[in-house]
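Throughout the sequence shown, residue numbering follows mature numbering (1 follows the signal peptide of the UniProt record, and there is no 0), covering -18 to -1, 1 to 172 in sequence.
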Amino acid sequence: MKNIITLFLAFLAISCNSQVVSLEDAAQCRDNPNCSVNYNYVKDINNTLNKYVGIWKGTYNGRVYEMKFNKSLYNDMGMKKDELTGRLRITTTGNIPVIIFDNFNEQDDAKTHFSGLGLTSDLQGYRMIFAGLVPSGCINHGTVSLGITSGIPNQMKIMYWSNNDIVVGECPSTFSQTFPEQQEILLMRQ
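In structure tokens form, the structure reads like this:
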């Protein structure tokens, strides 16, 4: 199978200078040091992102996580890619919910700081980068992995990993990351 994909990618590289490749091909090429496909547009040819689009909601540790994912086109200096952009609202559970984080109604994708990195190399999930509010000395940005189990299209599992950055100063003891570190959260399509 790898040889077929490698041959296919090689054929794509030779066939034209300005290439369009699928999300799947780009994901498999990203982790392959022998891949030399030259492309300028990573396109959702197979509509793979559609299964993530919509509003998702779940609870974890006394918090309600509500996420909205849209498909968008990232375009920077001639390099384009179809990606997911996200919106996030976190509230406490209970009769009178308290808003912990909310960018749900932000119109500008760049201001949500929640955007797509691409499919995982095994093509079983999608990765996004997230950056929340950060007091001095704290880390509140990293990768969010999304996964929808085949056969259960209305259920999504997410998990967050912080970036390993060097910080300056002491993080306040009252600080809490937007997402819990490496904890699976189950969301249901709304």
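All C-beta atoms, glycine included, are put in the ideal place defined by N, C-alpha and C.
The structure presented is a predicted model; accordingly, all values stated were derived computationally and were not measured.
Sequence-distant residues of the same chain with beta carbon closer than 7 Å to residue i, five excluded per side
| i | result |
| --- | --- |
| E65 | S54, Y56, S97, G98 |
| N28 | S4, E6 |
| V35 | F51, N52, K53 |
| E88 | R69, T94 |
Residue i versus residue j: straight-line alpha-carbon distance, rounded
| i | j | result |
| --- | --- | --- |
| T75 | T41 | 8 Å |
| I81 | D91 | 21 Å |
| A9 | I78 | 43 Å |
| G59 | V126 | According to the sequence displayed, residue 59 carries Met and not Gly. Straight-line Cα distance between these residues: approximately 26 Å. |
| S155 | N22 | 45 Å |
| N146 | S103 | 22 Å |
| M138 | F161 | 15 Å |
| F(-11) | G44 | Note on F(-11): pLDDT 46, under 50, position unreliable in the model; no value is reported. |
| T73 | Y142 | 18 Å |
| D13 | V149 | 29 Å |
| M61 | N122 | 28 Å |
| M110 | N16 | 25 Å |
| D84 | N136 | 23 Å |
| L31 | I134 | 16 Å |
Cβ-based neighbour list, residue i, same chain, cut-off 6 Å, excluding 5 preceding and 5 following
| i | result |
| --- | --- |
| I37 | K50, Q172 |
| H95 | A113 |
| residue 181 | With the chain represented from -18 up to 172, any question about residue 181 goes unanswered, as that position is not in the structure. |
| L101 | L5, A9, Y108 |
| T67 | N52, S54, D91, S97 |
| C153 | G119, C120 |
| S132 | none |
| K63 | V24, Y56 |
| residue 175 | Within the shown structure, residues of the chain are numbered from -18 to 172, placing residue 175 beyond reach of any answer. |
Proximity test, residue i beta-carbon vs the ligand FAD heavy atom, cut-off 7 Å
| i | result |
| --- | --- |
| M61 | The ligand content of the structure shown is nil, which means the ligand FAD is not present either. |
Option in the options with minimal Cα separation from residue i
| i | options | result |
| --- | --- | --- |
| S118 | G44, G151, T67, E166 | G151 |
| F112 | N16, E163, N43, C11 | E163 |
| G124 | N136, Q106, S144, S158 | S144 |
| I167 | L128, I134, N136 | L128 |
| L105 | C11, V2, Q1 | C11 |
| S158 | N87, N136, C120, L31 | C120 |
| K25 | V116, Q1, P15 | Q1 |
| I140 | V116, Q165, N122, I134 | Q165 |
Beta-bridge pairing of residue i - partner residues as DSSP gives them
| i | result |
| --- | --- |
| D104 | Paired residue(s): none; D104 is not in a bridge. |
| V2 | Y23 |
| Y142 | V126, E163 |
Cβ neighbours of residue i in the same chain (closer than 8 Å, five flanking residues each side left out)
| i | result |
| --- | --- |
| K39 | V46, Y47, E48, M49, L169, M170, Q172 |
| F86 | E48, K50, R69, L70, R71 |
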